[in-house]
Each structure stands twice: as C-alpha cells, then as structure tokens.
Amino acid sequence: MVNDGALGPTGLSLLVDLETNDVSRMEELSLVDAGLKERQDLQRWIIEHPELVGTGLLLITSEFDRWEIRDKKVADRLDALFLDTTGAPVVAELKRDRATDTVELQALKYAAYCSQLTLDDLVEEYARGQDLSLDEARQLLLHHAPPIEEGGPRAVKVRLIAGGFGPAVTSVVLWLRDYGLDIGCIEVSARRVAEGNQAVISARQLLPLPEAEDYLVRRRRKEQEEEQGGPAQWTWEGYAAQLEPERLAVVRRLYDQLTRYVEEHNLPWTPTLREWWLGYQRPGRYYVPVVTLRRENPIEFAVKLPDDPDHLKLDNPYPHLKTWWDSRNRQWTWAIPSPDDVPNVGPALDLSSRLQPERGPMRPPHDHGLSGDDSATDEDILEGPTTPATFFPEE
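Here the sequence shown is numbered in my numbering, starting from 1 and rising by one per residue.
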C-alpha cells in the first residue's frame, strides 16, 4: 500500500524496563485470540473493577434476568447494572470482540427496562446480590448516592464495552447523545507482554471523547436554548449530574424550604430553575429568593432587598453564616458550606417579601427612580450579554 504521507496513531505499545530504560514492543491481540471469555473473564473484571466502566460506580446486580412486562416474564439477561453517585442506574452491555452492529439496540432495550426500576427495586437486587438485609442495602445505596433518596433513580445511562466499535455503532451512539441519552463506548484491548504468558488489559473511553465531553454537553444545551427562544428550564436530574452530592443536598434543602414557604403563605410566585441558579419569581419575573451554584464557591442563598440591609436597619437572621450585601444585584447573600449549615429560610423571606412591591421593580425607600430601564425584568437583565457564571439574578 502506498503511503500518502498522512500521519496518525499507530496503536504501538511499548513495555519499558525501568532499570535499563530499554523498551520492547507489546503485541496487540484481541480478547478472543487471548483465549479470554466474555462472561467468565470480561464480565468478572468489570464486576471486580467497576472503574473500567467509570468512576463512582457501585455494582447493583449482574446476569439480571427477572424482567416482567405486563406480568409476563421477558427472556433477556443484563450483563451488569451499576449505580452512580448521582442516583442514575448505569447499564453495562459487554462484548469481548468487536461490537455487533445492533449492540446499542440491545442495550437500549435493557435501559428501557431499567427506567421502570424504583429505589425499592434497586435495594432488593443489591440486597440479594450482596447477601444483605433490605435495611442494610438501603443504607448503603443512600450513602453511595444521596440524591436517590429524593425523587428516586435518575435517568438511565448506558455504557457499551467491547473490543472494538464500527461506524454502524458509533454513528448511532452519537445520534442518541444528540437526543439527550447518556450513552458511551468503552474499548477494551489486550497486549501481550514480550516474555512470559501475560497480557496487559486496558480500557479507554472511545465515545464521547473525555476532552470533548463537556464541550458537547454545553453545545447541545445552547442549541436547545436557541430552539426554545431562550435559556432552558433546568431539571433536578441536571443538577444531580453536575453537582457533588453534598452540594446537591444543600440546594435541595434550600429549594424545598422555599417551596413550603411559598405554599404556606399562598404567594403568587413561580419557581425557576436554571443551570447555575434557581429561585422564585414574583409577578413580572422578578426574583425574590435566589440560590446560586457556582463551582468555585459554596452554595449561596440570597434574598432581594431594595437597599443595603444596614440602611434598612435589618438584623441579620443568620449571624453564624458568612454574609455580604451585593449592591450590583441588590441581594443579601449568605454562604452555605454544608447541608448541616442550611438555615431556616423563613426569617430572610419574611424580611424580603414585606419589602416587595405588588408589581414592577423594587425601589430604594429614599429614591423615586432608578438608573437604567425600570421596565427590564430579572430575566431580561440576567439572560442578556452577561453570563450566569459571573452575574446572578437582579432587578
């Protein structure tokens, strides 16, 4: 074959002798050529070392075949089912050789089955596989994935693990990802050590490319926002995917308190969830309470005020928390470092709600006009040229 001058990866692997720094080639071979089996070997490795599939995975069950649809048993067997720390079941479909062109269809069928699983179902299977009581199994699952306690299992994720993938599979996987399904391909390979009857097994994430995954997710979100004519309403599933469990617990506790306050006081406020903040808006799309979720800082809880709380002679309802007045956004803010630090939001909302006008933007008591366009709402200002990563809801 004529070399056209194009450069690319060769797939060459070298074994280094750390005493002499000499290298020797490692022969690449398929799992089939190495005499390895799909169930006895590959599946066992995945079970014993879930990090081959991904980080933060807990094995729930393997060889699962107790499916029932409309009270009828379904003769399908799932290779392995894991639970990640966000509370999402992860379906692992294994092929020791090159994946068949329909492997993703088989995995999607299992994902559809698993989408019906409840927390109780996961507890039952985990208890059976680990020989635990139901109470012990439940406590271990909740410790591993705290978000699952509120709302149950998240959307199912799919991982295809095989010795190789052809374009018939990868093109479908990419298409499914464009439609919001968290599905990926992991390639497992073996390389023979030059001397001795040993081989090195390695796994690499083929799709999505790890370095491009964040970019692809953000691009899809932007496309969805453009299609909808504005920023998309976020979901708790989205928060669970992007936040560490402890930070998610802070956000959830704050939001649940805000919701109860609004309901108990019969307020005409509406919830708004965005990627990096959430809150409640009074009529006119003006925020009153706001929770911000910046990665580099603790979760922040804030309420809108027409002026500096010192000028308004307001007592700090949470003196034990770090607090500051954000004059640009006109909000009194507290940092919430952990779930145990989440305060009762009622006192802050009492202070803020009684200072809110029935309609229109807030005005400082000493001022009869505001600079700029008074007709602009929080969303207009927030979702303009300034991004939520550095600028949060204001009036």
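From the three backbone atoms N, C-alpha and C, an ideal C-beta is built for every residue, glycine too.
key: DSSP three-state assignment for V74, whether helix, strand or coil   = Along the sequence shown, one-based indexing puts residue 74 at 74. Strand.
query = Starting from D178 and walking both ways along the alpha helix (DSSP H), at which residues does that stretch end?
reply = Counted from its first residue, the sequence shown places residue 178 at position 178. Per DSSP, the continuous alpha helix (DSSP H) segment holding D178 begins and ends at P167 to D178.
request  = Have a look at Y286 and P347 and give me their C-alpha separation to the nearest angstrom.
outcome  = Translated into the one-based positions of the sequence shown, residue 286 becomes position 286. Translated into the one-based positions of the sequence shown, residue 347 becomes position 347. The straight-line gap separating the alpha-carbon atoms of Y286 and P347 is approximately 20 Å.
task = For my contact list, P309 and W332 are in at a C-beta cut-off of 8 Å; report their separation, rounded to the angstrom.
result = The residue you call residue 309 lines up with position 309 of the sequence shown. The residue you call residue 332 lines up with position 332 of the sequence shown. Sure, about 5 Å apart at Cβ, within 8 Å.
task = Can you grab the Cα-Cα spacing for the pair L141 / R204, in whole Å?
result = Within the sequence shown, numbered from 1, the residue matching residue 141 stands at position 141. Within the sequence shown, numbered from 1, the residue matching residue 204 stands at position 204. If I take the Cα positions, the gap works out to 27 Å.
message = Per DSSP, what are the beta-bridge partners of C114 in this structure?
response = Residue 114 sits at position 114 when you count from the first residue of the sequence shown. Answer is none; C114 lacks a bridge partner.
query = Considering I47, what are the terminal residues of the alpha helix (DSSP H) in which it resides?
reply = By one-based count along the sequence shown, residue 47 stands at place 47. Per DSSP, I47 belongs to the alpha helix (DSSP H) from R44 to E48.
task = Over the uninterrupted beta strand (DSSP E) stretch that includes S352, give me the two end residues.
result = Residue mapping note: residue 352 aligns to position 352 of the sequence shown, counting from 1. Counting along the chain, S352 falls outside any beta strand (DSSP E), though it belongs to the alpha helix (DSSP H) covering G346 to S353.
inquiry  = Based on DSSP bridge pairs, tell me the residues matched to P309.
reply    = Taking the sequence shown and counting its residues from 1, the one referred to as residue 309 is at position 309. Bridge partners of P309: none, in fact.
ask   = In the structure shown, what three-state DSSP assignment does W332 receive?
value = As a working note, residue 332 is residue 332 in the sequence shown. Per DSSP, reduced to three states, the secondary structure at W332 is strand.
Residue span of the alpha helix (DSSP H) that contains R285, given as start and end = Here the question's residue 285 lines up with position 285 in the sequence shown. Neither: R285 is in no alpha helix (DSSP H) and is coded neither H nor E.
request  = Specify the secondary structure class of W269 as computed by DSSP and reduced to three states.
outcome  = As a working note, residue 269 is residue 269 in the sequence shown. Reduced to three states, the DSSP call for W269 is coil.
key: Beta-carbon separation (whole angstroms), L248 vs P153, contact threshold 8 Å   = In the sequence shown, residue 248 corresponds to position 248, counting from 1. In the sequence shown, residue 153 corresponds to position 153, counting from 1. Their Cβ separation, rounded to whole angstroms, is 15 Å, which puts L248 and P153 out of contact at 8 Å.
key: Boundaries of the beta strand (DSSP E) in which W409 is found, first to last residue   = Not covered by the structure: residue 409. The range shown for the chain is 1 to 395.
Presumed contact (8 Å Cβ cut-off) between L122 and I60, rounded CB distance = As a first step, residue 122 must be located in the sequence shown, where it is residue number 122. As a first step, residue 60 must be located in the sequence shown, where it is residue number 60. Indeed they touch by this definition, with Cβ atoms about 6 Å apart.
message = Quick check: what's the CA-CA separation for E74 versus T55?
response = Numbered from 1 along the sequence shown, position 74 holds the residue referred to as residue 74. Numbered from 1 along the sequence shown, position 55 holds the residue referred to as residue 55. The sequence shown places Val at residue 74, not Glu. Cα to Cα, V74 sits roughly 31 Å from T55.
inquiry  = Spatial neighbours of L273 within its chain, please: C-beta separation below 6 Å, excluding the five flanking residues on both sides.
reply    = Mapped onto the sequence shown, residue 273 falls at position 273. Q233 and W234.
task = Use the C-beta contact count for N344: other C-beta atoms within 10 angstroms, 16 or more gives buried, fewer gives exposed.
result = If you number the sequence shown from 1, residue 344 lands on position 344. Of the residues assessed, N344 falls on the exposed side of the cut-off, its CB having fewer than 16 other CB atoms within 10 angstroms.
message = At the level of alpha carbons, what is the spacing between R159 and A107?
response = If you number the sequence shown from 1, residue 159 lands on position 159. If you number the sequence shown from 1, residue 107 lands on position 107. R159 and A107 have their C-alpha atoms spaced approximately 8 Å apart.
message = Please classify S171 as buried or exposed, where buried requires at least 16 other C-beta atoms within 10 Å of its C-beta.
response = Residue 171 sits at position 171 when you count from the first residue of the sequence shown. Looking at its Cβ environment, which holds fewer than 16 other Cβ atoms inside 10 Å, S171 is exposed.
ask   = Cα-Cα, which of A111, S133, D326 and E149 is closest to L176?
value = For this step, residue 176 is matched to residue 176 along the sequence shown. Of the candidates A111, S133, D326 and E149, the one whose C-alpha sits nearest the C-alpha of L176 is A111.
task = Please report the Cβ distance between I183 and A92, rounded to the nearest whole angstrom; I am assuming they are in contact, meaning their Cβ atoms lie under 8 Å.
result = Residue 183 sits at position 183 when you count from the first residue of the sequence shown. Residue 92 sits at position 92 when you count from the first residue of the sequence shown. Not really, about 11 Å apart at Cβ, beyond 8 Å.
query = Taking DSSP as the reference, what is the three-state secondary structure of V188?
reply = Reading the sequence shown from its first residue, position 188 is the one you call residue 188. When secondary structure is reduced to three states using DSSP, V188 falls in the strand class.
request  = Please go through the same chain and pick out, in chain order, the residues whose beta-carbon is closer than 7 Å to the beta-carbon of T86, but skip the five residues on each side of it.
outcome  = Within the sequence shown, numbered from 1, the residue matching residue 86 stands at position 86. If we look at T86 and ignore the five residues flanking it on each side, its Cβ neighbours are A145, P147, R154, A240 and A241.
Sequence-distant residues of the same chain with beta carbon closer than 8 Å to L254, five excluded per side = What you label residue 254 is simply residue 254 of the sequence shown in a count that begins at 1. Excluding residues within five positions, the ones whose Cβ falls inside 8 Å are V291, I299, F301, I336, V342 and V345.
message = Tell me whether the segment 122-139 and the segment 191-201 touch, counting them as touching only if at least three CB pairs, one residue from each stretch, are closer than 8 Å.
response = The segment 122-139, when compared against the segment 191-201, does not touch it at the 8 Å Cβ threshold.
request  = Just confirm the distance between the C-beta atoms of L31 and L42, as a whole number of angstroms; I'd bet it's less than 8 Å.
outcome  = As a working note, residue 31 is residue 31 in the sequence shown. As a working note, residue 42 is residue 42 in the sequence shown. That pair is a contact at about 7 Å.
ask   = Quick one: what does DSSP say E275 is sitting in, helix, strand or coil?
value = Against the sequence shown, residue 275 aligns to sequence position 275. Looking at E275 - three-state DSSP - the assignment turns out to be coil, as it is neither helix nor strand.
ask   = What span of residues does the beta strand (DSSP E) with D17 cover, start to end?
value = By one-based count along the sequence shown, residue 17 stands at place 17. Secondary structure note for D17: it is in no beta strand (DSSP E), with a DSSP letter that is neither H nor E.
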